[in-house]
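Let me begin by presenting the structure, written as structure tokens, before commenting on it.
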Amino acid sequence: MPAVLSKPSSSSPSFLETSSSRTFATTSFPKLILDWYDFAFKKHYKTTKYSLIALALSLAAFVFGSGFKIYRTIKQSRKRSLSSLHSTAVAHDSKPSAEKPKSVESASTFITSFVTKVYKLCVIAFTKKPTTLQTDEFSGKVLAMSALLVALIIVQSLVTRNTNIVSGDMMEYLVAQKKSHFFYSVVKFSLLLVIQSMIGPSVKYLVELLALYMRRNLTMHVHDKYFSNMAYYKVNNLDKRVGAADQRITQDIDVFCNRLAELFTDMLHPTFELILYSIELVRLLGPYALMSVVLYLSIAIFILSKVSPNFTKISAQVQNMEGNFRAMHNRTSVFSELIAFYGGENTERSKIENYFETLTQYSSYVIGRNFSFGVVNDFFTKYFPHSFTTLIIGLPVFFGRLRYLKGDALMGKLRYIIAVITLEFYALGNVIELFRKLLRLGGMAQRVATLYTVLNEIKHGNSKNINFQKHHDGEIIEADEIRFDKVTIKTPDNIKLARNLSFHVGKNEHIVISGSNGSGKSSLFRVLGALWPLHNGIIYKPQAKGSHARGLHNDIFYLPQKPYNIKGSLRSQIIYPDSTLKEGWTDGRLEELLNDFGIGYLCKRSSKGFDYVHDWDSLSRGEQQKLAMVRLFYHKPRYAILDECTSCITAEDEDRLYRKCTKNEITCITISHRPALEKYHTQRLVFNGKGGWVWQKIKHGGEIGVVDEESSSSEITEPIYELKGMDLSIRDDIKDE
1 MPAVLSKPSS SSPSFLETSS SRTFATTSFP KLILDWYDFA FKKHYKTTKY
51 SLIALALSLA AFVFGSGFKI YRTIKQSRKR SLSSLHSTAV AHDSKPSAEK
101 PKSVESASTF ITSFVTKVYK LCVIAFTKKP TTLQTDEFSG KVLAMSALLV
151 ALIIVQSLVT RNTNIVSGDM MEYLVAQKKS HFFYSVVKFS LLLVIQSMIG
201 PSVKYLVELL ALYMRRNLTM HVHDKYFSNM AYYKVNNLDK RVGAADQRIT
251 QDIDVFCNRL AELFTDMLHP TFELILYSIE LVRLLGPYAL MSVVLYLSIA
301 IFILSKVSPN FTKISAQVQN MEGNFRAMHN RTSVFSELIA FYGGENTERS
351 KIENYFETLT QYSSYVIGRN FSFGVVNDFF TKYFPHSFTT LIIGLPVFFG
401 RLRYLKGDAL MGKLRYIIAV ITLEFYALGN VIELFRKLLR LGGMAQRVAT
451 LYTVLNEIKH GNSKNINFQK HHDGEIIEAD EIRFDKVTIK TPDNIKLARN
501 LSFHVGKNEH IVISGSNGSG KSSLFRVLGA LWPLHNGIIY KPQAKGSHAR
551 GLHNDIFYLP QKPYNIKGSL RSQIIYPDST LKEGWTDGRL EELLNDFGIG
601 YLCKRSSKGF DYVHDWDSLS RGEQQKLAMV RLFYHKPRYA ILDECTSCIT
651 AEDEDRLYRK CTKNEITCIT ISHRPALEKY HTQRLVFNGK GGWVWQKIKH
701 GGEIGVVDEE SSSSEITEPI YELKGMDLSI RDDIKDE
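Each residue of the sequence shown is one higher than the one before, counting from 1 in full-length UniProt numbering.
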């Protein structure tokens, strides 16, 4: 990095470079052409002004012809593939963020939308929010770091300006052979370089730390909404606008915060330098120089705005497609065993690679758009300023206020003016580049803002989506038993699965629920657990209010066919969702429960006992189901919803489960297709799959719902069913035959 410039890097050449000093030792492309013309072309060919004009016209025709050919190629490629790329992306994402626009978005609309979204996210990012594991609030840290970052950027620009002044003085003293002044300037120049070397890393450190704190704030605010009101369930199961919520929380917020933090330097640095060096230009060369720079900037921004692609939509679409590609690989990982059983690796590979081909084609299209924009951008921000800067400097030397300076004074002044104009154009280039960065930031802001919008709609219930509307005609009331009174069950697609559903489950009145797939068995419990909204009717249940009103984990406990296993110790596996043992419980009592279901060996596999951490998903399905039963009896609820939870255990273990539930006064609500389980129940609810239902009382040969230990299943007589309620309405999506 040239010391006098302090800013341009090897990948971003300065606007004006001369060979008269060590600082501007590199040679520009136009100068190479002139050197070749002077030392090679003239030696072999006799030139006239007409030949020079012809050569210039030929070069111009070649440049513009090549550019037009590249533009036509990119445009034709876009017409051939863009529609298919978008349609494929839509097929894998129910509602992608970046569809092909029907009309060009106006600049004012984009700016308003962008500023609104970024402002709202910044308010959250700058708001103190402690994590659940930390009680200390880092009050004002983000604001303090932002203020310090602004101060460092201003100091960095001032130090760079002083460095350039001292560099010009060094050249003047060197040409004038003023030894003492020259060495004093060298010492001063070295000290300024030391300060610069400290400021640069400090700015980078603050930017990274600021991004980290903003990410922490945004993530914690998202978690507040995501893990309340069962939003995590609704976002992933009832609403498809977000799609891959995990990617937006873990990746998109991180990228957004990094880009937003970098925007501090990307925006403040060139803005302050533009102001600083514009003042210097007016002081050194007069107002015409500043007017020339402003005119150049206006023309450059106008042309770039015409050729710039919509980076906001492109960025959002690429992120959507990347998320879908990752989700497809994740699905293969989750279902790897089943895919292996079916030998479906070729099918899975074909689907993934077809979508990856779509992703690469769209990425290729984006690269092409970036290339065409980059050609124009580099011309206006890196190369053409060489000629323009020469003109700005030459006019005052020949006709302006510098024409009276001679020798060392002119050399020192020109060196400083060159540095000022170079940094002025460098700042202009950053301002123009800032436009593209803002568009890309807008793409990430759109994805994060959409996540916040959906989460807020879930919380406040003001969404047009029926699943998120807060006010429905249904009502849930606190009671000692479970009772449904004229309840209507609807799917998220607003299809009525059952009308006027009425039944009740009193203490020890075990009920078995059966019906065909999709008839509404599991949907009933989603409504009972408040996962789905209650549109009509009244539900009476324990724990209808308070923190345990949502879900089935307290007085009503749910056991699915495939148990949910957490990452942690054996103890934490049993007591989930609690984090500590209940009062009166010990590891000894937990071991007794394990022994009751024949899995006591789990706590003896390691010397750590119940602190043993294991991948519990690696257990057999039967062992997992037994472990879930141990969890049930640890919590000892009033009601147990058994959703095919005995499919992988023996009949003896199944019998032990129901007898233990009766002994502990746990009323069972069983979902099953097996008639053999009716012997453990006193009533049944049958869905016919067409929207109708029948509620019946079960009368056995002996006492209702009781099976003697000495009796065998062969001695049990066929049950007798007594009708208690019914409704044979036809579902909305089924035609009556």
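The beta-carbon is built from N, C-alpha and C at its ideal position, and this holds for glycine as well.
Within the same chain, and ignoring the five residues on either side of lysine 225 in sequence, the residues whose Cβ sits closer than 8 Å to its Cβ are Ala231, Tyr452, Leu455, Asn456, Ile458, Lys459. In this structure, His673 is the residue among Ala176, Lys660, His673 with its C-alpha nearest to the C-alpha of asparagine 517.
DSSP links tyrosine 639 through a beta bridge to Ile556, Thr667. Boundaries around alanine 498 are those of the beta strand (DSSP E), 496-505, since no alpha helix (DSSP H) includes it. At a Cβ-Cβ threshold of 8 Å, alanine 261 and valine 207 count as neighbours.
Here the alpha carbon of glycine 520 sits roughly 41 Å from the alpha carbon of aspartate 254. Here valine 376 carries a helix assignment [DSSP, helix/strand/coil].
Straight-line measurement puts the Cα of arginine 349 at about 52 Å from the Cα of asparagine 508.
If you compare the alpha carbons of His223, Arg259, Val282 with that of alanine 245, the shortest gap goes to His223.
The Cβ-Cβ distance between aspartate 555 and tyrosine 639 falls below 8 Å. Taking 8 Å as the cut-off, the beta carbon of proline 309 is found no closer than this to the beta carbon of leucine 434. In its chain, beyond the 5 residues on either side, Val318 have a beta carbon closer than 8 Å to the beta carbon of serine 363. Closest in alpha carbon position to glutamine 247, among Trp695, Gly323, Glu665, is Gly323. Taking 4 residues as the minimum length, the alpha helix (DSSP H) runs contained wholly in the stretch 559-633 are 570-575, 587-596, in order along the chain.
Within its own chain, the residues whose Cβ lies closer than 7 Å to the Cβ of valine 159, once the five positions on either side in sequence are excluded, are Leu192, Ile195, Gln196, Ile199, listed in chain order.
Listed in chain order, the non-local C-beta contacts of methionine 444 below 7 Å within the same chain comprise Asp252, Val255, Phe256, Arg259, Ser315, local neighbours out to five positions each way being set aside. In the structure shown, phenylalanine 356 adopts helical secondary structure according to DSSP, grouped into three states. Just so you know, the alpha carbons of leucine 534 and leucine 497 end up roughly 13 Å apart.
Contact between tyrosine 540 and arginine 483 is confirmed by a C-beta separation of about 4 Å, below the 8 Å threshold.
Residue pairing for glycine 725: DSSP places it in a beta bridge opposite Trp695.
Here asparagine 536 is bridged, per DSSP, to Thr488.
Nearest to phenylalanine 126 by alpha-carbon distance, out of Tyr173, Ser298, Met220, Val155, is Met220.
Check the Cα spacing between proline 637 and each of Glu623, Ser620, Asp617, Lys663: the tightest is with Lys663. The residue among Ile417, Gln696, Pro563, Ile476 with its C-alpha nearest the C-alpha of proline 542 is Ile476. With respect to the C-alpha of histidine 553, the residue from Leu212, Arg216, Leu685, Ile641 having the closest C-alpha is Ile641. Residue Ser167 holds the alpha-carbon nearest to the alpha-carbon of serine 190 among Ser167, Arg684, Val175.
Approximately 4 Å separates the beta-carbon atoms of proline 563 and alanine 628; this is inside 8 Å, confirming the contact. Contact fails between the stretch 603-611 and the stretch 484-496, because fewer than three Cβ pairs, one in each stretch, are under 8 Å apart. The beta carbons of valine 686 and glycine 515 sit about 6 Å from each other, so the pair counts as a contact at 8 Å. Taking all protein chains shown into account, proline 287 has fewer than 16 neighbouring C-beta atoms within 10 Å of its C-beta and is therefore exposed. Between threonine 646 and glutamate 652, the C-beta gap is not smaller than 8 Å, which leaves the two residues out of contact.
The criterion of a C-beta distance shorter than 8 Å is satisfied by glutamate 481 and histidine 504.
Our two residues, threonine 250 and arginine 447, have alpha carbons roughly 12 Å apart in a direct line.
Membership of leucine 685 in any alpha helix (DSSP H) is not indicated; the residue belongs instead to the beta strand (DSSP E) covering 683-687.
Using a Cβ distance threshold of 8 Å, leucine 276 and arginine 436 do not count as a contacting pair.
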